[in-house]
Amino acid sequence: MKKQYVVQLSQHQRQQLRRLVSAGTERARKLTHARILLAADASAAGPQQLDAAIAEALGVGVSTVERVRKRFCEEGLEAALSRRRHAQHRAPRLDGEAEAHLIALACSSPPEGHGGWSLRLLAGRMVTLEYVESVSHECVRQTLKRGRSSRG
Numbered sequence: 000m001k002k003q004y005v006v007q008l009s010q011h012q013r014q015q016l017r018r019l020v021s022a023g024t025e026r027a028r029k030l031t032h033a034r035i036l037l038a039a040d041a042s043a044a045g046p047q048q049l050d051a052a053i054a055e056a057l058g059v060g061v062s063t064v065e066r067v068r069k070r071f072c073e074e075g076l077e078a079a080l081s082r083r084r085h086a087q088h089r090a091p092r093l094d095g096e097a098e099a100h101l102i103a104l105a106c107s108s109p110p111e112g113h114g115g116w117s118l119r120l121l122a123g124r125m126v127t128l129e130y131v132e133s134v135s136h137e138c139v140r141q142t143l144k145r146g147r148s149s150r151g
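Number 69 in numbering that gives the first Met the number 0 belongs to position 70 of the sequence shown; there are no gaps in the numbering.
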């Protein structure tokens, strides 16, 4: 089966990777990815080894070799060597105003029939009072912990 992502390193890229590997001062993951690219090089000067042979020699999975190869072809050398940044940063569930309401609620007396505020009870009350549309007890816990608030 023909490979979809073929690594063809330029002379400059090959020299850069060899310097990186021989220096050995980078993180292990980056060095491993550099070794994968050198072994997968399909240019005239490259060895062009099979993915399974590369994985066996470097002690990684075949899927890792495939991912590095794909990332090099789609995004370039630096992307293949470096760690991917997660763009999944979410806005905080509780803004400053909702946080203030939560702390005030946690400091108030608990509802009848309860000895104290539980995290789930606080989360439910925040939704009932319409301070937030929804909030988990874990978010409540983290917010109170970050503010070092006492629930009792």
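Idealized CB from N, CA, C, for every residue including glycine.
Outcome for residue i when other beta-carbon atoms lying within 10 angstroms are tallied against a minimum of 16
{"i": "alanine 33", "result": "buried"}
{"i": "valine 126", "result": "exposed"}
{"i": "alanine 99", "result": "exposed"}
{"i": "aspartate 94", "result": "exposed"}
{"i": "leucine 49", "result": "exposed"}
Which of helix, strand or coil DSSP assigns to residue i
{"i": "arginine 32", "result": "The question names arginine, but residue 32 is histidine in the sequence shown. Three-state result, histidine 32: helix."}
{"i": "histidine 136", "result": "helix"}
{"i": "threonine 142", "result": "helix"}
{"i": "histidine 11", "result": "helix"}
{"i": "leucine 93", "result": "coil"}
{"i": "glutamate 77", "result": "helix"}
{"i": "glutamate 111", "result": "coil"}
Selection from the options that minimises the alpha carbon distance to residue i
{"i": "aspartate 40", "options": "Gly114, Thr142, Phe71, Gln87", "result": "Phe71"}
{"i": "glutamate 129", "options": "Ala27, Ala97, Leu118", "result": "Ala97"}
Bounding residues of the alpha helix (DSSP H) (the contiguous stretch that carries residue i)
{"i": "valine 67", "result": "61-74"}
{"i": "alanine 122", "result": "118-127"}
{"i": "alanine 52", "result": "50-57"}
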